[in-house]
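In our numbering, the protein residues as written are 495 to 1007.
Report on the structure given below.
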Amino acid sequence: MLIKTYTSAVLGVNATTVTVETHTDQGVNFFLVGLPDSTIKESQHRIVAALKNNNLKWPGFQITVNLAPANIRKEGSAYDLPIALGVLAASAQKEFAEIEDYMILGELSLDGGLVPVKGVLPSVIQAQKEGFKAVILPAENAKEAAMVEGIKVFGASNLTETVAHLSGEERIEETIVNLEDQFKEQSRQVAFDFSEVKGQSNVKRALEIAAAGGHNVILIGPPGAGKTMLAKRMSGILPPMSINEALETTKIHSVAGRLESDQSLVVERPFRSPHHSISDVALVGGGGYPQPGEISLAHNGILFLDELPEFKRTVLEVMRQPMEDRNVTISRARFSVDFPASFMLVASMNPCPCGYFNHPEKECVCSPALVQNYLSKISGPLLDRIDLHVEVTPVSFEEISSAQASESSTVIRERVLSARAKQDQRFEAEEGIYANAQMHSRQLRKVCELDQGSMDLLKLAIERLNLSGRAYDRILKVARTIADLDGSERIESQHVAEAVQYRSLDRESWFSA
């Protein structure tokens, strides 16, 4: 007897429907084909125990299970439940009249309980596209799956509940979640507020510009100047995610298995801060069966790299292409996967090994060669891709002890939202562009026209600082953002001048400071 059940294989952040064909014949063997990995090959032992512990039996037939299409590699434990149900139906122990209408996902424990699995959201999205009427899966994954409209979601706690539901004996209550309500209910909580930061008005201004235009930024200053403290407060001034951004981000975290058990949607922009000992695979993604790395987990949010020169050079260099393309492609012999990687890079570093180069009071003990060697750990091409280079100087005692309240993140965020609203209107017809930092050359020439005075100023800066063509584009993008914050339709000379000052830490100009 041949029975077909349906499940899903996740590749990257997208899913492909897999048909689980279960055939019974004379004999006592069990064959599992269709490029299964070792986890799936072990499923027989879990299924046998789960059936026996739920008053069901493993049939005394030869069973052949084919995971089609056979040319796609399958991995993970989500195939346990569809295989078990296929075995029950093919051996005539149970009759499931509507099983072909269901997408089925779930790992079985030995007592028949259903264990949550990864990659549920992309799987259910694909099921909805292909016209499946319902999905049945572990109860802990039900809220995540219910984010997808147009398909019924049933969360089961164990094999017995699943069998009773599909055989019509006792229906499981449908899980219903209103996406917009779920999105609105998540209150925005700012853990770190700029009102707690004394002084540093120039750095706050640079971070406001970065947030308003989605620009990459690096903070350079001595130990204790507040670089990490300032960077952690960036999340509080970023605009809230749209529903589409939240779903995109949730897909990545679902595939990586990073969603909490009670979390159905990622509504806060991610803030990822990996340790400097991270490998290049952990940063950009990869592995035998590619998984998203930190740059993809930071999609639509912030990737914070503290003490940038301490990261291995190979790790930093692999970020260059994703920073430009906002996507990372991982290729293997048989396939390749794409992971979104549209993140804001916020980095910090000391100016030299001792940390006091260019310090207004303390003397640097590093030789020029040592400083040069330290700075050269960050390549010119990588530094070129960072829009804003900001010097962070120590705060004076008078500023630290001042009782005067600093501007809060809420106030700064209102200005950021106003600037982003202008950009939303500007790029309304442009697919995939939401902020000034994402502009391509065509849009750049269109929306960043300069008058003669501004052009002369920019020319002088390019010649004096010996900047690259990429730096020229970055200055124009930053100037456009500054103009948006000022409410100006045109880029004026003062906007260009301010944008140029944020390139003052380019390699050629550093030692002239």
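For glycine and all other residues, C-beta sits at the position ideal for the given N, C-alpha and C.
**Message:** Report the CB separation of residue 730 from residue 907 in whole angstroms; it is logged as a contact under 8 Å.
**Reply:** 7 Å
**Prompt:** In or out: residue 954 buried (at least 16 other Cβ within 10 Å) or exposed?
**Reply:** exposed
**Asked** Hey, residue 700 and residue 884: beta-carbon distance below 8 Å or not?
**Response** yes
**Item:** Beta-carbon separation (whole angstroms), residue 795 vs residue 765, contact threshold 8 Å
**Value:** 6 Å
**Asked** Ends of the beta strand (DSSP E) at residue 508?
**Response** 508-519
**Request:** Note down, in chain order, each residue of its chain lying with its Cβ closer than 8 Å to the Cβ of residue 541, except the 5 sequence neighbours on either side.
**Result:** 552, 574, 577, 578, 581 and 602
**Asked** Is the Cβ-Cβ distance between residue 533 and residue 715 less than 8 Å?
**Response** no
**Request:** List the whole-angstrom C-beta distance separating residue 841 from residue 802, where the pair is believed to meet the contact cut-off of C-beta under 8 Å.
**Result:** 4 Å
**Message:** Which same chain residues end up closer than 6 Å to residue 817 when comparing Cβ atoms and leaving out the 5 residues on each side of it in sequence?
**Reply:** 879
**Request:** Would you mind sorting residue 758 into buried or exposed? The rule is 16 or more other CB atoms within 10 Å of its CB.
**Result:** buried
**Asked** Apart from the five residues just before and just after residue 799, which ones in its own chain have a Cβ nearer than 6 Å to its Cβ?
**Response** 841
**Message:** According to DSSP, is residue 887 part of a helix, a strand, or is it coil?
**Reply:** coil
**Euclidean distance between Cα positions of residue 941 and residue 978** = 11 Å
**Item:** residue 862: first and last residue of the uninterrupted alpha helix (DSSP H) it sits in
**Value:** 862-869
**Proximity of residue 505 and residue 831 at Cβ, strictly below 8 Å** = yes
**Request:** Starting from residue 843, trace the beta strand (DSSP E) both ways and give me its first and last residue.
**Result:** 838-843
**Prompt:** Should the segment 715-728 be regarded as contacting the segment 691-699, the criterion being three or more beta carbon pairs within less than 8 Å?
**Reply:** yes
**Prompt:** Is there contact here, the segment 585-592 with the segment 632-640, by at least three beta-carbon pairs under 8 Å?
**Reply:** no
**Message:** Which of the three DSSP states is assigned to residue 967 in this structure?
**Reply:** helix
**Asked** residue 994: buried (16+ other C-beta within 10 angstroms of its C-beta) or exposed?
**Response** buried
**Asked** Are residue 876 and residue 811 close, meaning C-beta to C-beta below 8 Å?
**Response** yes
**Request:** Please determine, among 992, 919 and 909, the residue with the shortest C-alpha to C-alpha distance to residue 948.
**Result:** 992
**Candidates 923, 891 and 904, of which the one nearest residue 688 by Cα** = 904
**Asked** Can you tell which of 962, 854, 564 and 652 has the C-alpha that lies nearest to the C-alpha of residue 890?
**Response** 854
**Item:** CA-to-CA distance, residue 957 to residue 706, given in whole angstroms
**Value:** 28 Å
**Message:** According to DSSP, is residue 529 part of a helix, a strand, or is it coil?
**Reply:** coil
**Request:** Measure the Cβ-Cβ separation of residue 645 and residue 501 and say whether it is below 8 Å.
**Result:** no
**Item:** Where residue 568 falls: helix, strand or coil (DSSP)
**Value:** strand
**residue 747 burial status per 10 Å Cβ neighbour count (16 or more: buried)** = buried
**Prompt:** Does the Cβ-Cβ distance between residue 638 and residue 753 come in under 8 Å?
**Reply:** yes
**Prompt:** By a C-beta neighbour count over all protein chains shown, 10 Å radius and 16 as the cutoff for buried, is residue 862 buried or exposed?
**Reply:** exposed
**Closest by C-alpha distance to residue 778, when choosing among 950, 820 and 738** = 820
**Request:** Quick one: grab the DSSP three-state call for residue 779.
**Result:** strand
**Request:** Measure how close the beta-carbons of residue 499 and residue 703 come, nearest whole angstrom, since I'm counting them as under 8 Å.
**Result:** At roughly 54 Å, the Cβ-Cβ gap does not stay under 8 Å, so residue 499 and residue 703 are not in contact.
**Request:** Measure the beta-carbon distance from residue 642 to residue 618 and round it to whole angstroms, keeping in mind my assumption that it falls under 8 Å.
**Result:** 5 Å
**Request:** Note down the Cα distance separating residue 520 from residue 756, rounded to an integer number of angstroms.
**Result:** 46 Å
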